[in-house]
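So our numbering is basically just the index in the sequence shown, starting at one, shifted up by 96.
Virtual Cβ for every residue (Gly too), placed ideally from N, Cα, C.
Just so it is clear, the structure is predicted and the values come from calculations on it, not from any experiment.
A short worksheet on the structure shown next.
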Amino acid sequence: MAIEKDQEFVEYVARAIVNHPEDVKTERTVDERGVLITLHINQEDMGYVIGRQGQTARAMRTLLRIVGAKSNARVNLKIFEPEEARRARFGSAATEEVDTSAVDDLKL
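Below is the structure:
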């Protein structure tokens, strides 16, 4: 399976900005909406790829659309984040049960 130009571009840019370039991998899927490239990186490098306020990821997506436009394809980028990393970032309060025993017998 030959690697496509858009996928090669994402891997090249990601490897250039992360501390663990050996962990950079991509998946390319095509459907009726276009091409989706999913970028897998080492979790320690997430901040480098996303950038301050998402600027780096936004720039990569913009350039990727231009690369895709050359071959008349609509290309999008998804940065993969494992579920456990999302939980750690957003806090585990949403998934953990809260102890309400202290107020269970409260009469209001």
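With contacts defined as CB atoms closer than 8 Å, Val145 and Ile137 qualify as a contacting pair. In this structure Glu100 is buried. Its beta-carbon is surrounded by 16 or more other beta-carbon atoms within 10 angstroms.
If you draw a straight line from the Cα of Thr152 to the Cα of Gly130, it is about 22 Å long. For Phe105, same chain residues with a beta-carbon under 6 Å away, outside a window of 5 residues either side, are Val163 in chain order. Collapsing the DSSP output to three states places Ile133 in a strand.
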